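K.L.:
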Amino acid sequence: MNIHKKASGIQVCHYTALMPALNRTPMAQKYKGKWVALKADRKTVIASGNSVKSVQQTAQRKGCKSPIITRMPKSPRHFVGFHTAK
């Protein structure tokens, strides 16, 4: 796990371990361009919004101390290996 601390004081973590493939197409369509907080299962959305800070605060109010926070793309993207293509 790699941990980075942003100037805003928000801690950002990312894992480099291999994980099974996950189809996020329905989630990306529903939350297009939004930040989302996910439970550890990487499927359950706890909170969504326009800023990382608001999403993190909402997730923490709902009892999730360390949510997975990611941003859904504004337009569809195809992911293959380590490259993205429009």
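Residue 59 in my numbering sits at position 78 of the sequence shown, and the numbers go up by one each step. No residue lacks a Cβ here, since even glycine has one placed at the ideal position from N, Cα and C. Predicted model, so just to flag it, every value in this text is computed and none were measured.
(1) Count the other CB atoms, across all protein chains shown, that sit within 10 Å of the CB of LEU19; report buried if there are 16 or more and exposed otherwise.
(2) Hey, LYS15 and SER29 are a contact pair by Cβ (cut 8 Å); roughly how many whole angstroms apart?
(3) In chain order, what residues of the same chain lie with their CB nearer than 8 Å to the CB of CYS45, ignoring the 5 residues before and after it?
(4) Under a three-way DSSP split, which group does THR6 fall into?
(5) Is ALA21 helix, strand or coil by DSSP?
(6) Please report the distance separating the alpha-carbon of LYS11 from that of VAL33.
P.N.:
In brief:
(1) buried
(2) 5 Å
(3) ALA18, LYS20 and ILE27.
(4) helix
(5) coil
(6) Going by C-alpha positions, LYS11 is about 17 Å away from VAL33.
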